[in-house]
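Student: Provided herewith is a single structure, encoded as structure tokens, for subsequent inquiry.
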Amino acid sequence: MKNRQIVITKFGQPDVLAVRESLVPQPQIGEVLVKVAYAGVNPIDVKTRAGLGWAAAQNKDNLPWVPGYDISGEIIALGEGSDRFIIGDKVAGFIGFPLQGGGYSQYVCVPESALSFVPESVTLEAAASLPLAGQTAAQALENVALKDGERVLILAGAGGVGHIAVQIAVAAKAEVFTTCSESNLDYLATLGAHAINYQFASVSERLEDVDVLIDLIGGDAALDALKCLKDHAKVVTIPTMSAELICEKAKLLGFSATGMLVDPSPEQLDAMLYMVSIGLLKVEIQHIYPYTQVIDAHIQIETGHTRGKILLDMQC
Ligand SMILES: NC(=O)c1ccc[n+]([C@@H]2O[C@H](COP(=O)([O-])OP(=O)(O)OC[C@H]3O[C@@H](n4cnc5c(N)ncnc54)[C@H](OP(=O)(O)O)[C@@H]3O)[C@@H](O)[C@H]2O)c1
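Numbering (full-length UniProt numbering), first residue to last: 1 to 316.
Structure representation (structure tokens):
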């Protein structure tokens, strides 16, 4: 049995991604072997492939390197001492974050403690969409301890993180405003948000008295959004590259502000899978690419206009 994996052969354009064949790994003590059904594709994978950010810096002497942090699939072997799952269980996980990666694989060994059981009513596609993006959304909102009735502005509500953040904020009974292009206005309205078309005018011309800003864009859009905030507002800025600048500017204006790095938590993923299973959370998947078309998947993420998530089908 062969294990096909996608590797970053060197840093560069999407065509540096290649399929490599290796042996199927054996699970060690406390690990399980997962036959991966779907791997999630995230902007960090694309940035790392391009040689940008700390995951690239840390792995520059470690190429070829297998990216990917989101997986769903089926347990097909148990290592010694692994007894949380049985063979055949459907699982999902946020694995190898941030330095190890490994999700773009047909078979991967994972510590059983890193995995969540996928309920029967949740598809493996939805399960692979949630780990990194869903937990980023949940942790950003935990960070600001959103209260009933607060006005929250989420920049980029249609993206992988944004569409989950919008739904969690709506469920928390906040008044949710979010920015998107014209093509996503209806979609975000159906999730319960007031959708603001950033192509029409800047958000600062359209909104005021905001209590909480969740910034998923950074740069000039985030600087402009600071003008919408009321005194003592809270800011969480997610894109790491501009976080220092946004936090500095926000603090100068008297707001509390923080960047963040998502922290994998299987318990939190359990809770999100449960929310999906009872219909409280809906995962949007724009497209599933066969793993052999990983280059197209990266090109799509690089457009910056993906609605919801992009997945790789690892078994086709
Ligand atoms: N710090 C961390 O731990 C962490 C974790 C996860 C993600 N991130 C970062 O957070 C960012 C968002 O991640 P993601 O997975 O949600 O990305 P994504 O899915 O690629 O985001 C795409 C979305 O961005 C929207 N968008 C593009 N330009 C916009 C603008 N000017 N204003 C408003 N919306 C805009 C698009 O909507 P339209 O098509 O409608 O324009 C699209 O739906 C990325 O930079 C990612 O690297 C950081």
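For each residue, glycine too, the CB sits at the ideal point set by N, CA and C. Quick caveat, the model's predicted, so the values are computed rather than measured.
1) Rounded to a whole number of angstroms, what is the C-alpha to C-alpha distance between L261 and V161?
2) Could you round the C-beta distance between Y104 and G68 to whole angstroms and report it? I think they count as a contact, below 8 Å.
3) Give the DSSP bridge partners of R84, in chain order.
4) Report the partner residues of I196 according to the DSSP bridge assignment.
5) Alpha carbons only, please: which of I299, V276, Q315 and R49 is nearest the one belonging to T123?
6) Tell me the DSSP secondary structure of Q286 in three-state form.
7) In whole angstroms, what separates the C-alpha of S181 from that of T190?
8) Return the bridge partner residues of G40 from the DSSP annotation.
9) Between the Cα of Q286 and the Cα atoms of A271, N62, V32 and K309, which residue gives the shortest distance?
10) Within 10 angstroms of the Cβ of S256, are there 16 or more other Cβ atoms? Answer buried if so, exposed if not.
11) Is it true that the stretch 109-120 meets the stretch 24-31, where meeting means three or more beta-carbon pairs spaced less than 8 Å apart?
12) So if DSSP puts R4 in a beta bridge, which residue, or which two residues, is it bridged to?
13) Are there three or more Cβ pairs, one per stretch, closer than 8 Å when the stretch 146-166 is compared with the stretch 76-92?
14) Report yes if the CB atom of V236 is closer than 9 Å to the CB atom of N143, and no otherwise.
15) Answer yes or no: do E21 and R49 have a C-beta to C-beta separation smaller than 9 Å?
16) The beta strand (DSSP E) with V108 in it runs from where to where?
17) Do you know how far the Cα of I278 is from the Cα of G134?
18) Between the Cα of K173 and the Cα atoms of A158, Y107 and V152, which residue gives the shortest distance?
19) Apply the 10 Å Cβ neighbour rule to Q268 and answer buried if 16 or more other Cβ atoms are within range, or exposed otherwise.
Tutor: Short version:
1) Stepping through the sequence shown from its first residue, residue 261 is reached at position 261. Stepping through the sequence shown from its first residue, residue 161 is reached at position 161. Approximately 13 Å, taken between the alpha carbons.
2) Locating residue 104 in the sequence shown gives position 104, counting from the first residue. Locating residue 68 in the sequence shown gives position 68, counting from the first residue. Confirmed, Cβ separation roughly 4 Å.
3) Position 84 of the sequence shown, counted from the first residue, corresponds to residue 84. Answer by DSSP bridge pairing: none, since R84 is not bridged.
4) As a first step, residue 196 is located in the sequence shown; it is residue number 196 there, counting from the start. BP columns for I196 point to T179.
5) Position 123 of the sequence shown holds residue 123. When each option's Cα is compared against that of T123, the closest is V276.
6) Indexing the sequence shown from 1 puts residue 286 at position 286. Strand.
7) One-based indexing of the sequence shown puts residue 181 at position 181. One-based indexing of the sequence shown puts residue 190 at position 190. Distance between the alpha carbons of S181 and T190 is about 15 Å.
8) The residue given as residue 40 occupies position 40 in the sequence shown. For G40, which the question treats as bridged, DSSP gives the partners D70 and L311.
9) Counted from its first residue, the sequence shown places residue 286 at position 286. Checking every option, the nearest Cα to that of Q286 belongs to K309.
10) For this step, residue 256 is matched to residue 256 along the sequence shown. Under this definition S256 is an exposed residue.
11) yes
12) Here residue 4 is taken as the residue at index 4 of the sequence shown, counted from 1. E21.
13) no
14) Position 236 of the sequence shown holds residue 236. Position 143 of the sequence shown holds residue 143. A contact, by the Cβ cut-off of 9 Å.
15) Numbered from 1 along the sequence shown, position 21 holds the residue referred to as residue 21. Numbered from 1 along the sequence shown, position 49 holds the residue referred to as residue 49. For the pair E21 and R49, the CB atoms are not nearer than the 9 Å cut-off.
16) Looking up residue 108 in the sequence shown gives position 108. Per DSSP, V108 belongs to the beta strand (DSSP E) from Y107 to P111.
17) Here residue 134 is taken as the residue at index 134 of the sequence shown, counted from 1. Here residue 278 is taken as the residue at index 278 of the sequence shown, counted from 1. Between G134 and I278, the C-alpha separation is close to 16 Å.
18) On the sequence shown, residue 173 is found 173 positions in, with the first residue counted as 1. That would be V152, whose Cα lies nearest to the Cα of K173.
19) Numbered from its first residue, the sequence shown carries residue 268 at position 268. Answer is buried; the Cβ neighbour count reaches 16.
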